[in-house]
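Each residue of the sequence shown is one higher than the one before, counting from 82 in our numbering. As structure tokens, the structure follows; a few thoughts come after it.
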Amino acid sequence: MDYLPIFVDIKNKPCLIVGGGAVAARKADLFIKSGAEVTVISPDLKTEMKRHLSLGDIAWHPHPFSEAEMQALGQENRPHYVISATDEETVNQAVYAYCQREGIPVNVADQTEYCDFILPAIVDRSPVTIAVSTGGRSPILARLMKARLEALIPSGFGRLAGVLGRYRKTVKTAISGTEQRKAFWETLLQSAFVDKAVQGRIVEAERILQTQIDQVSKTGQALPTGEVYLIGAGPGDPDLMTFKGLRLLQQADVILYDRLVAPEIVEMARREAERIYVGKKDKEHTLAQGDISQLMVDLAKQGKRVARLKGGDPYIFGRGAEEAELLVENDIPFEVVPGITAAAGCSAYAGFPLTHREFSQSVSLITGHQKEGESEVDYGRLAESGDTMVFYMGVKNAAKIQAGLLAHGMSESLPAAIIEKGTTPEQRTLITTLGELTETIKRQKVKPPALLVVGEVIKVRERLVK
Ligand code: SAH
């Protein structure tokens, strides 16, 4: 190791920054966040540093750096750490020389050879802090690693550490055996408790924690609690899944997925996770909806963490709520992770918005495929609304949709778009009109999954796609 990574307590301790520019302000920010008393020596301050000053976070000495200026700080303000971040080599050198003589640890920004300490790239989930260093060799590499970690670790991770800290004593009292306590924490930290705590749903988190304490103190054994994640996997492009979706997917023991979920996403699960296809193949259903829900319940009851991947968003024509209902009935903890729905994904990738100040102030998401006994689409209301209309599962019933809208006075020339396999490398975008909709689908042999969009807003595409 080139450096010893240590975390230093600088609360209420004087620390000094020489320089008033953007780099100096960023360093000052770290000192401030760590609770130091920050003094800045610089003849002038740039915007970011002025902000620190106006917030009362720094004391400013509006002079150039000099030994006399340092003497003027007084013994009680003698800095514990000094960072020099000026554009002037001679000033940086003078700061360095002074600190060496006085025995004060110093860091000259971007010059490793003049540093007693270096500042790592930081992932801040206080009180959890991750520091990444390349020993000063490549700050950019450190920043890239930081970016990866940022994506991996949920933003509310600090809350989790907070709850754990509060319960440490209680758990120690309730579970006296060291091994049992270890098993308790390991089980807890792989359960729904984590996500509840991370989201700040503290009451629910504490309930899970308490149940597990009772379980271990009664039986001496930790019991893995199964749970289900209903994850929106986005419309096709695997990069459109959320960070949260990915994180939960990667902690699942079993993955249930269907036809609309990109294979690349299923691949992102842990290697040892079991994968079960529950989609529809041609016309024959592999598993009926009720069976899928039941399967999730059964797996969770075995203590498994189940990721149910759904195309787009689970709660938009995804029957996610039906699955969730059975989970509630069976007291199985679950999370719903929203996804980018086909309407949002396909329109963006096809090059037009769904609303626009000139063309449309509202959007309707409509199913083009009603189950028997379900109420018909209200074409009259749609025709009056001025909504951009997005029909899911509408290809088969395109003729009916077209006739319904025309019958209620919508114009044949109203723009329409058909987006097949949206957001995937095979995406096809067909721009047509309401009058030509069915004909275009037939002529171009449109295959599912495809989305039909009808509305003036499609005209914006001419301005956005060259
Ligand atoms: N829950 C999903 C919708 C499921 S219904 C979501 O939020 O997107 C299935 C219908 O969604 C398909 O018939 C099709 O109309 C639409 N769809 C889903 N993915 C699509 C894609 N990549 N391209 C075009 N349409 C898509």
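Ideal Cβ positions, reconstructed from N, Cα and C, are used throughout, including at glycine. Keep in mind that this is a model prediction, so the values were computed, not measured.
DSSP assignment within the segment 190-272 yields the following whole beta strand (DSSP E) runs of 3 residues or more, N-terminal first: 202-206, 209-213. In this structure P496 is buried. Its beta-carbon is surrounded by 16 or more other beta-carbon atoms within 10 angstroms. Under DSSP, E355 shares a beta bridge with V335. Residue environment: N173 is assigned as buried (16 or more neighbouring CB atoms within 10 Å of its CB, all protein chains considered). Linking R249 to S207 through their CA atoms gives a straight-line distance of about 18 Å.
Between the ligand SAH and M82, a heavy atom-to-CB distance of less than 7 Å is absent.
Within the same chain, V458, Y460 come within 7 Å of G485 by CB-CB distance, once the 5 residues on both sides are set aside.
In terms of side-chain proximity, the C-beta atom of Y162 is found no nearer than 7 Å to any non-hydrogen atom of the ligand SAH. Looking at the DSSP output, C427 sits in no beta bridge, so it has no partner there. Remark: C-beta atoms of I336 and A350 approach each other more closely than 8 Å. The distance from the Cβ of F415 to that of Y310 is about 7 Å, consistent with a contact at the 8 Å cut-off. Rounded to the nearest whole angstrom, the C-alpha separation of D334 and Y179 is 59 Å. Cβ contact annotation for T510 (same chain, cutoff 7 Å, sequence separation greater than five): A431, A498, I500, in chain order. Look at D394: its beta carbon is less than 7 Å from one of the heavy atoms in the ligand SAH. Taking non-hydrogen atoms of the ligand SAH into account, the C-beta of P344 is found less than 7 Å away from none of them.
A straight-line Cα-Cα distance of about 40 Å links L111 and V387.
In this structure, F433 and G449 do not form a Cβ contact; the two beta carbons are roughly 20 Å apart against a cut-off of 8 Å.
Just so you know, the alpha carbons of L233 and A175 end up roughly 42 Å apart. The Cβ atoms of T323 and G393 do not sit closer than 8 Å to each other. In the DSSP annotation of this structure, A117 is not part of any beta strand (DSSP E), being labelled neither H nor E.
When the alpha-carbon of E170 is set against those of D191, L97, T268, the nearest one is in D191.
For the ligand SAH, a non-hydrogen atom lies closer than 7 Å to the CB of L532.
Under the three-state reduction of DSSP output, L330 falls in the helix class. A distance of 8 Å or more separates the beta carbons of E353 and P319.
Per DSSP, the unbroken beta strand (DSSP E) holding L511 starts and ends at 509-514. In the three-state reduction of the DSSP assignment, A497 falls in the strand class.
When beta bridges are read from the DSSP output, C96 appears opposite V119, Y162.
The segment 295-306 makes contact with the segment 270-277; the number of CB pairs closer than 8 Å reaches 3 or more.
Ranked by Cα distance from Y338, the options V409, K391, Q280, V541 are led by K391. Listed in chain order, the non-local C-beta contacts of K325 below 6 Å within the same chain comprise V418, local neighbours out to five positions each way being set aside. By the Cβ-count criterion, A202 is buried, with 16 or more other Cβ atoms from all chains shown falling within 10 Å of its own Cβ.
For G371, the uninterrupted alpha helix (DSSP H) run begins and ends at 370-382, by DSSP.
Contact between M474 and G536 does not hold, since the beta-carbon distance rounds to 18 Å and is not under 8 Å. DSSP, reduced to helix, strand and coil, places G461 within a helical segment of the structure shown. Looking only at P506, K502, R462, the smallest Cα-Cα distance to L487 is reached by R462. Around the beta carbon of S441, 16 or more other beta carbons lie within 10 angstroms, which makes this residue buried.
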